[in-house]
Amino acid sequence: MSIAENFTQSSQSDSFSVRLKNWSNYLSWVVVLIALLVLAGWQFDIELLKRPLPGLVAMNPVTAILFMLSGVSCLLLAPSVPSATKRKMGILLTLLIVVIPCYHFIQELFGLSFQIDTLLYSQRVSNNSGFVSNRMAINTAVGFVLSGIALLLLNFETKNGRLPSQYIAIAIAFIGLFSIIGYLYKVDSYYAYLAYIPMAVHTAVGFLLLSLVILFSNPEKGILLEFTGPYLGSITARILIPVAIIFPVFLGFLRLTAHWSGDVSTELGTAILILSITAIFLVFILHNTVLLNKRDEEAQFSKKELLDLNQDLEGKVAERTKQAMQVEKRFQTVVEATPNALILVNHMGMIELVNREAEKLFGYQRDELINKSVETLIPTRFNGKHPHFRINFFENPEARTMGAGRDLYAIRKNQSEFPVEIGLNPIEIDGAVNVLASIIDITERKKAEERFRLVVESAPNAMVLVNTEGKITLVNRQTEKLFGYQRKELIGQDVEILIPARYRMGHFGFKNAFFSKPQNRAMGAGRDLFATRNDSSEFPVEIGLNPIETAEGTLVLASIIDITERKLLEVSRLKSDFLANMSHELRTPLNAILGFSELLIDKRMGALNEKQLEYLKDIHAGGSHLLQLINNVLDLSKIEAGKAELSVEKFDLIEITEGVINVLMPIADKSNVEIIANLSGEVRHVILDKNKFRQILFNLLSNAIKFNRNGGKVIIETLIVGNNNFKLSVTDTGKGIAKEDMKKLFIPFVQLDAGSNKEHSGSGLGLSLTKNLVELQKGQITVESKLNEGTTFLVNMAMRIDEDLTFIR
Numbered sequence: 000m001s002i003a004e005n006f007t008q009s010s011q012s013d014s015f016s017v018r019l020k021n022w023s024n025y026l027s028w029v030v031v032l033i034a035l036l037v038l039a040g041w042q043f044d045i046e047l048l049k050r051p052l053p054g055l056v057a058m059n060p061v062t063a064i065l066f067m068l069s070g071v072s073c074l075l076l077a078p079s080v081p082s083a084t085k086r087k088m089g090i091l092l093t094l095l096i097v098v099i100p101c102y103h104f105i106q107e108l109f110g111l112s113f114q115i116d117t118l119l120y121s122q123r124v125s126n127n128s129g130f131v132s133n134r135m136a137i138n139t140a141v142g143f144v145l146s147g148i149a150l151l152l153l154n155f156e157t158k159n160g161r162l163p164s165q166y167i168a169i170a171i172a173f174i175g176l177f178s179i180i181g182y183l184y185k186v187d188s189y190y191a192y193l194a195y196i197p198m199a200v201h202t203a204v205g206f207l208l209l210s211l212v213i214l215f216s217n218p219e220k221g222i223l224l225e226f227t228g229p230y231l232g233s234i235t236a237r238i239l240i241p242v243a244i245i246f247p248v249f250l251g252f253l254r255l256t257a258h259w260s261g262d263v264s265t266e267l268g269t270a271i272l273i274l275s276i277t278a279i280f281l282v283f284i285l286h287n288t289v290l291l292n293k294r295d296e297e298a299q300f301s302k303k304e305l306l307d308l309n310q311d312l313e314g315k316v317a318e319r320t321k322q323a324m325q326v327e328k329r330f331q332t333v334v335e336a337t338p339n340a341l342i343l344v345n346h347m348g349m350i351e352l353v354n355r356e357a358e359k360l361f362g363y364q365r366d367e368l369i370n371k372s373v374e375t376l377i378p379t380r381f382n383g384k385h386p387h388f389r390i391n392f393f394e395n396p397e398a399r400t401m402g403a404g405r406d407l408y409a410i411r412k413n414q415s416e417f418p419v420e421i422g423l424n425p426i427e428i429d430g431a432v433n434v435l436a437s438i439i440d441i442t443e444r445k446k447a448e449e450r451f452r453l454v455v456e457s458a459p460n461a462m463v464l465v466n467t468e469g470k471i472t473l474v475n476r477q478t479e480k481l482f483g484y485q486r487k488e489l490i491g492q493d494v495e496i497l498i499p500a501r502y503r504m505g506h507f508g509f510k511n512a513f514f515s516k517p518q519n520r521a522m523g524a525g526r527d528l529f530a531t532r533n534d535s536s537e538f539p540v541e542i543g544l545n546p547i548e549t550a551e552g553t554l555v556l557a558s559i560i561d562i563t564e565r566k567l568l569e570v571s572r573l574k575s576d577f578l579a580n581m582s583h584e585l586r587t588p589l590n591a592i593l594g595f596s597e598l599l600i601d602k603r604m605g606a607l608n609e610k611q612l613e614y615l616k617d618i619h620a621g622g623s624h625l626l627q628l629i630n631n632v633l634d635l636s637k638i639e640a641g642k643a644e645l646s647v648e649k650f651d652l653i654e655i656t657e658g659v660i661n662v663l664m665p666i667a668d669k670s671n672v673e674i675i676a677n678l679s680g681e682v683r684h685v686i687l688d689k690n691k692f693r694q695i696l697f698n699l700l701s702n703a704i705k706f707n708r709n710g711g712k713v714i715i716e717t718l719i720v721g722n723n724n725f726k727l728s729v730t731d732t733g734k735g736i737a738k739e740d741m742k743k744l745f746i747p748f749v750q751l752d753a754g755s756n757k758e759h760s761g762s763g764l765g766l767s768l769t770k771n772l773v774e775l776q777k778g779q780i781t782v783e784s785k786l787n788e789g790t791t792f793l794v795n796m797a798m799r800i801d802e803d804l805t806f807i808r
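Position one of the sequence shown corresponds to residue 0 (numbering that gives the first Met the number 0), numbered consecutively onward.
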């Protein structure tokens, strides 16, 4: 009960201080109100407001102004006001409160003509009522000077905790009280420094209120703390001080009243006064005695309560201590029996507990680690960052399993580093968060992982390690080469990043099915598979899958090879087989058509009219064109398959060129195209494949004629280049080739004027075959063209190539 009362008393003391501060504000407004009423009295000539007691001195208007400034200044300088602007305004007003009465002293001392106390309502102030002056009294001026100083020092506190403003406020209170007692006892000298300038009664009341405002502003500091505290001395003072002030004054007033009436003699009145004072003090002494005894009794009872409570607590503490020791012993047993190193760290980062496994792991004795910083066990290169991680953990403590997060390292007493895995568990001890760290040495695991990584890295195939979540955890350099990614771009990504978008949805199901029942899958087993590179290009692959069981769960190691070349070879073989079969099947009837058409054209089977002869020539030309197309396709497929052979021999280049020109001349004449040959004598005898060179010339010249304009020209030139090279150029004056079409020029089966309105027939194989035939003989072909001007094909070749030259694509 008593303990609760102590708390209640402390709370009551705080509440009492708050009430006094509130009263300080209220009384400030009362002082301002009194000043306003007095000013209203002077303004409207209301005697009751100027002088509450008729025939006595009135409050000077300047005095009222000073009281109003004092009240407002108290409100602005109160400790609870946080505004610096308001405080500055309060100080400015306080300076006025000091300066005005000081000037009043000077004017009285030196008899100055300008009298500041007659500044307002000078005529009414000068009009003395009953020879009583209305000017500011000297003791009033002293009171305002003291009030101004007290307000300036309102919140100033000395080193020993004293507030000078409170002592000045007591002096101000005595000035006011002195004048009030003078009025009560009808003693002029009490309330007037000079008989002709007395202090007004409401001026005295104003000073008394102003002193209380200053005292109540800081009730929890200085001498007022002794009166506002919860202690017995403070309580006694709060009772006796008002009694010591009020009752003697009141009894003295009664004594003088009886004396003035003449009903009581001086001796009897004095005896009654002394007896009354004695009786009143005895009553209050008795009251305080009872109060003190009651408090002492409560203190004794509280002491007994505390002793009983202490004994009970000691018993409970002993029991809890025993239980705690048993729990601690069990905890210590568990900690010591744990196969992992355990370290308990407090929120300051200091080690509080280690087990024997920690001693073995780090090479320290237990007492070498207790109360040491946990950074002792962290390598120096990580010490700068570790305190930051530790502080973040304690700000948001939550369990962290082993293997979560970054690679971790520890350091032994002998300064050797080793990799570790650490599990963290926050534990609350005595209201503070600690962390229990479980540590294992993973050196051997790291070595095994490194061996595994080296095996994977040195594998000739692309190797990708994927976890159960489908995330890529490891790749080798062959994977980087195959897929065009940097290693860091793949780690942590879904494995579907390597799968074409059209297969990704289906792959999720296959992946989940594999991990639900993991088993080895050899390469080539199952469906055709495709992968996608960083540049989004697709390519066929074969994949072997090998599940690996680890502490982190099942992983799958995928071995991937690009089978693009194999697929191309297979396609090439199939194409070659197809073309060989088709060429045989097509050539047999074509040869029959060509043979019989030649017999008919030669009229060996009888005479023909012109119409029949024309039709037969068309049949023979169409068959020849088809046979040439078949031959071109076969030649192109042989070159692409790397099966083309060269028949190198020495021949006359000029003779071959003129022969091709003669063959094509009828076609040129029919198209009204002129063929001009500028053949250098320096380029004559060459060692090349004659038939393939003839085909190159034939294709280029026939193209130049075909795509020329009516009345155009074809210019064929040869020129020696260097010691062993020559340049062959074929230029036409046709419509030219657009820049965007140049890249399609040598693509098989593509015609630049293809479409429903094409001007020239053809298979689109001529230029593609020509390019391959040139490159087969280690030459190079280029094109220069301008729209509406013409096109030039340039062939650069060696005049002599080795007879054993082979071409491998």
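Just so you know, even glycine gets a beta-carbon here, dropped at the ideal spot from N, CA and C.
- Between Lys293 and His286, the alpha-carbon positions lie close to 11 Å from each other.
- For Ala172, the uninterrupted alpha helix (DSSP H) run begins and ends at Pro163 to Tyr184, by DSSP.
- Its chain contains Leu360, Phe417 and Val419 as the residues whose beta carbon lies nearer than 7 Å to that of Asp440, once the 5 sequence neighbours on both sides are disregarded; these appear in chain order.
- Cβ neighbours of Leu153 within its own chain (closer than 7 Å, five residues either side excluded): Leu76, Ser164, Ile213 and Ser216.
- Separation of the CB atoms of Ser670 and Thr717 is rounded to 24 Å, and the pair is thereby denied contact status at 8 Å.
- Contact between Lys726 and Asn795 holds: CB atoms are separated by about 5 Å, below the 8 Å threshold.
- In the DSSP assignment, Phe650 forms a beta bridge with Val685.
- Look at the stretch 316-358 and you find these whole runs of beta strand (DSSP E), each 3 residues long or longer: 340-344 and 350-353.
- With 16 or more other CB atoms across the displayed protein chains lying within 10 angstroms of its CB, Ile780 is buried.
- With distances taken between CA atoms, Thr553 lies nearest to Asn545 out of Ile559, Asn545 and Pro100.
- Taking all protein chains in view, the Cβ of His201 is crowded by 16 or more other Cβ atoms within 10 Å, so the residue is classified as buried.
- Val682 is not a Cβ neighbour of Asn707, given a cutoff of 9 Å.
- Within the model, the alpha-carbon separation for Thr62 versus Lys20 is close to 25 Å.
- For Leu145, the enclosing alpha helix (DSSP H) starts and ends at Ile137 to Leu151.
- The beta-bridge partner set that DSSP reports for Arg799 consists of Ile686.
- Non-local beta-carbon contacts of Arg486 in its own chain, meaning distances under 7 Å to residues more than five positions away in sequence, involve Val474 and Glu479 in chain order.
- In this structure, DSSP gives Arg603 a state outside helix and strand, which the three-state scheme calls coil.
- Here Ser260 carries a helix assignment [DSSP, helix/strand/coil].
- DSSP places Asp440 within a strand segment (E or B) once states are collapsed to three.
- No Cβ-Cβ contact shorter than 9 Å links Ile674 with Ile655.
- The C-beta distance from Arg161 to Gly221 rounds to 6 Å, short enough to fall under 8 Å.
- Apart from sequence neighbours up to five positions away, the residues of its chain that approach Phe745 with a beta-carbon distance below 6 Å are Leu766, Ser767 and Lys770, ordered along the chain.
- In the DSSP assignment, Gln477 falls within the unbroken alpha helix (DSSP H) covering Arg476 to Phe482.
- By the beta-carbon neighbour count (other beta carbons within 10 angstroms, threshold 16), Met58 is buried.
- Taking 9 Å as the cut-off, the Cβ atoms of Ile547 and Ala461 do not count as close.
- In the three-state reduction of the DSSP assignment, Arg501 falls in the helix class.
- One alpha carbon belongs to Asn702, the other to Leu663, and they sit about 11 Å apart.
- Assigned with DSSP and collapsed to three states, Arg486 falls in helix.
- Collapsing the DSSP output to three states places Pro459 in coil.
- Pairing Leu65 with Phe143 gives a Cβ-Cβ distance under 9 Å.
- By the Cβ-count criterion, Lys446 is exposed, with fewer than 16 other Cβ atoms from all chains shown falling within 10 Å of its own Cβ.
- In the DSSP assignment, Phe725 falls within the beta strand (DSSP E) that extends over Asn724 to Asp731.
- Pairing Pro100 with Met67 gives a Cβ-Cβ distance that is not under 9 Å.
- Scanning the stretch 356-433 for uninterrupted beta strand (DSSP E) segments of 3 residues or longer gives 407-410 and 416-428, listed from N- to C-terminal end.
- Here Met798 has Val685, Asn723 and Phe725 as same chain residues with Cβ atoms under 6 Å from its own Cβ, once five neighbours each way along the sequence are excluded.
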